[in-house]
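See below for the structure under consideration.
In the numbering used here, the protein residues as written are 7 to 181.
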């Protein structure tokens, strides 16, 4: 994204992975860079100018032939292949912002998703507060800030928290 303000900023890149409930990747979907005109790229916030410039995303957006509408159609086609309408939660780190951008710029994709969100950052913050020792051992992120890389890192992080924090209790003990 060119920033975090859904009213003034734009989507630069989309990617999608489908996982099963155990976080095994079942399918990799489109990984698309969206063409954005110079007047949009030239007005990115400072963080985006630095990070998207370093990663090559800004230049890739300038060269891309993929429109926002083409990206939405491609993403929607992929998701519909695997997930019935209303059954798939969007998941990732600080994914609420992503959801807002989908609502505004990719309403077909947004309307196909379940209303619930799995935000890995929320789990991370709770772990940091309630169990700092486990938080300190969490996987370190490379932070490339590219869509597919971020998704993969979020899955890895969620796998870690699942194994470290969400331990299946002895049901008999709870009765």
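Just so it is clear, CB atoms sit at the ideal spot from N, CA and C, and this is done for glycine as well.
Between which residues of its own chain and residue i is the CB-CB distance below 6 Å, once the five residues before and five after are set aside?
| i | result |
| --- | --- |
| residue 35 | 22, 84 |
| residue 77 | 20, 38, 40 |
| residue 31 | 23, 25 |
Taking the alpha-carbon positions, what's the residue i to residue j distance?
| i | j | result |
| --- | --- | --- |
| residue 47 | residue 69 | 12 Å |
| residue 63 | residue 151 | 9 Å |
| residue 29 | residue 149 | 20 Å |
| residue 172 | residue 115 | 30 Å |
| residue 16 | residue 157 | 19 Å |
| residue 154 | residue 100 | 15 Å |
| residue 165 | residue 174 | 14 Å |
| residue 56 | residue 44 | 16 Å |
| residue 105 | residue 161 | 17 Å |
| residue 143 | residue 110 | 37 Å |
| residue 140 | residue 103 | 26 Å |
| residue 65 | residue 146 | 27 Å |
Are there 16 or more other CB atoms within 10 angstroms of the CB of residue i, so buried, or fewer, so exposed?
| i | result |
| --- | --- |
| residue 132 | exposed |
| residue 8 | buried |
| residue 163 | buried |
| residue 159 | buried |
| residue 33 | exposed |
| residue 86 | exposed |
Mind reading off the beta-carbon distance from residue i to residue j? Whole number of angstroms is fine, and I expect it under 8 Å.
| i | j | result |
| --- | --- | --- |
| residue 92 | residue 58 | Actually they do not touch by this definition, with Cβ atoms about 33 Å apart. |
| residue 122 | residue 95 | 5 Å |
| residue 97 | residue 126 | 7 Å |
Check whether the Cβ of residue i lies closer than 7 Å to any heavy atom of the ligand COA, and answer yes or no.
| i | result |
| --- | --- |
| residue 123 | Judged by which ligands are present, the structure shown has none, so any question about the ligand COA falls away. |
Identify, in the order they occur along the chain, each residue of the same chain with its Cβ nearer than 7 Å to the Cβ of residue i, setting aside the five sequence neighbours on each side.
| i | result |
| --- | --- |
| residue 108 | 115, 116 |
| residue 71 | 41 |
Could you pull out every residue in the same chain whose Cβ sits closer than 8 Å to the Cβ of residue i, ignoring the five residues on either side in sequence?
| i | result |
| --- | --- |
| residue 89 | 24, 118 |
request  = Give, in chain order, every unbroken run of the alpha helix (DSSP H) that is at least 4 residues long and sits entirely within the stretch 137-171.
outcome  = Within the stretch 137-171, the complete alpha helix (DSSP H) runs of at least 4 residues are 138-142, 153-171.
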